[in-house]
Every structure is written in structure tokens, then in C-alpha cells.
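**Student:**
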Amino acid sequence: MNYLKMNDEKLLPVVMELNTLLADYHMYYQKLRNFHWNILGKNFFELHQKFEELYIDARAKIDEIAERVLTLRYHPISKYSDYLQIATVKEVSPLKTDQEMVSELIRDHSKILTQMRVVISHAQNAGDEGTLDMMGGYIRELEKYSWMLSAWNKEPKEHLDTSMIQS
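Quick note: to get my numbering, add 897 to the position in the sequence shown (first position is 1).
This is how it looks when you write it as C-alpha cells:
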């Protein structure tokens, strides 16, 4: 029964791109766990906690994305071998400095945000308001995490754009 009242031909690309996002989030989640376990140095306590916060968030999103695919009446991909093939987020060595880890995560956020926008494009074409709503919230949250990590990674002498501030 098609309780969604959406065109299956238009919905299939949404599902395919959600599965790519699911793969990206699985790879990102594992990278966060990797960094959480392997962080060393003066920023250990701060980043150990932040990486845990981020992987808990990623774990929740993994479940929500898979459940969205199921809601759309398809099976989510669920094998790591498939994730490795289709994800844009790739594995890395745990032998990185704290700044390298943060920079790596910022790059991953960019990849994930790009994939979310691809999902949005297909969801708009399919009239899939549920997926659009989900992606809007995800984008807002990931952009905020990206800003925070970027701020952490900046030198104190660096500044934001001040063109809007009057002297």
C-alpha cells in the first residue's frame, strides 16, 4: 500500500542519495570513534569529550536516516563493504595531531553537507517533505558543529569578517 502518495520513480533517487548519506555517516561515526580513542596531547580532555558528543549525534542520525529509507518503503544499505564503496567520507589513520583530526572532521562535514544538499534536490523533485524537513535540521546542526570546530582550529590572531561592524 502506498500510504506516501509519492511517485516511486521520483522517490528512488531520494532513497539512493539517502543511502549514500547513510554510508557517509557510518564512515564519519567510525572516524569519530577512532579519534576519540586515539587523541593525545594537551587538548585530550576537551577533544575526547567533543568527539564523543559528535559520535553520539552521528549514531542517532544513522538510525534516523535508515528509518527514513524504511519509511519510504525501501531497505537501507547495511553492509560496511557497501559503505566503503559509496561513501565520500573515507577512512584515515588514527596517527594524527589534534589539529589534523579537527581539520579532517571539518573536511568531512563539507562532504556530508554536500551530500545533504543532493538529497534535498531529489526530495524537492519528489515532493518529499519529510526528507526535506529532516535534512534542514541536519544541515543546521552540522553547520554549527563545523563553525565550532573551525573556531577551535583558528589562531587567536585570526578574526571573523568585520565588514558588518561599525567602528
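We treat Cβ as the ideally placed atom computed from N, Cα and C, and that holds for glycine.
Do Leu-908 and Asp-1025 count as a contact pair if the criterion is CB distance below 9 angstroms?
**Tutor:** On the sequence shown, residue 1025 is found 128 positions in, with the first residue counted as 1. On the sequence shown, residue 908 is found 11 positions in, with the first residue counted as 1. For Asp-1025 and Leu-908, yes; Cβs fall inside 9 angstroms.
**Student:** So, helix, strand or coil for His-972, using DSSP?
**Tutor:** In the sequence shown, counting from the first residue as 1, residue 972 sits at position 75. The answer is coil: DSSP assigns His-972 none of H, G, I, E or B.
**Student:** In whole angstroms, what is the alpha-carbon distance linking Lys-859 and Lys-939?
**Tutor:** There is no way to answer for residue 859, as the model of the chain reaches only from 898 to 1064.
**Student:** Report the rounded CA-to-CA distance for Met-1031 versus Leu-937, giving the unit in angstroms.
**Tutor:** Here residue 1031 refers to the residue found at position 134 when the sequence shown is read from its first residue. Here residue 937 refers to the residue found at position 40 when the sequence shown is read from its first residue. So the alpha carbons of these two residues sit roughly 35 angstroms apart.
**Student:** Inspect the beta-carbon positions of Arg-970 and Thr-1028 and report whether they are closer than 9 angstroms.
**Tutor:** Counting from one through the sequence shown, the residue named residue 970 turns up at place 73. Counting from one through the sequence shown, the residue named residue 1028 turns up at place 131. Going by C-beta atoms, Arg-970 is not nearer than 9 angstroms to Thr-1028.
**Student:** Report the residue from Arg-930, Ile-962, Asn-931, Ile-974 whose alpha carbon sits nearest the alpha carbon of Ile-1009.
**Tutor:** Here residue 1009 corresponds to residue number 112 of the sequence shown, with the count starting at 1. For the residues Arg-930, Ile-962, Asn-931, Ile-974, the minimum Cα distance to Ile-1009 belongs to Ile-962.
**Student:** Give a yes or no on contact between the segment 973-992 and the segment 925-935, applying the rule of three or more CB pairs nearer than 8 angstroms.
**Tutor:** Yes, since at least three Cβ pairs between the segment 973-992 and the segment 925-935 fall closer than 8 angstroms, the two stretches touch.
**Student:** Exposed or buried, which one is His-1006 when buried takes at least 16 other CB atoms within 10 Å?
**Tutor:** Here residue 1006 is taken as the residue at index 109 of the sequence shown, counted from 1. Buried, because 16 or more other Cβ atoms sit within 10 Å of the Cβ of His-1006.
**Student:** Taking 9 angstroms as the threshold (C-beta atoms), are Leu-992 and Asn-935 in contact?
**Tutor:** Mapped onto the sequence shown, residue 935 falls at position 38. Mapped onto the sequence shown, residue 992 falls at position 95. Yes.
**Student:** How many Å lie between Ile-953 and Lys-947 at the Cα?
**Tutor:** Counting from 1 along the sequence shown, the entry for residue 953 is found at position 56. Counting from 1 along the sequence shown, the entry for residue 947 is found at position 50. Between Ile-953 and Lys-947, the C-alpha separation is close to 10 angstroms.
**Student:** Indicate whether at least one CB of chain B lies closer than 9 angstroms to the CB of Tyr-980.
**Tutor:** Within the model displayed, chain B is absent; a lone protein chain is all it includes.
**Student:** Determine the direct distance from the alpha carbon of Trp-1049 to that of Ile-983, and round the result to whole angstroms.
**Tutor:** Taking the first residue of the sequence shown as 1, we reach residue 983 at position 86. Taking the first residue of the sequence shown as 1, we reach residue 1049 at position 152. When rounded, the distance between both Cα atoms is 30 angstroms.
**Student:** What does a CB cutoff of less than 6 angstroms around Ala-1020 pick up in its chain, not counting 5 residues either side in sequence?
**Tutor:** Counting from 1 along the sequence shown, the entry for residue 1020 is found at position 123. Result list for Ala-1020: Val-911, Thr-1028, Leu-1029, in chain order.
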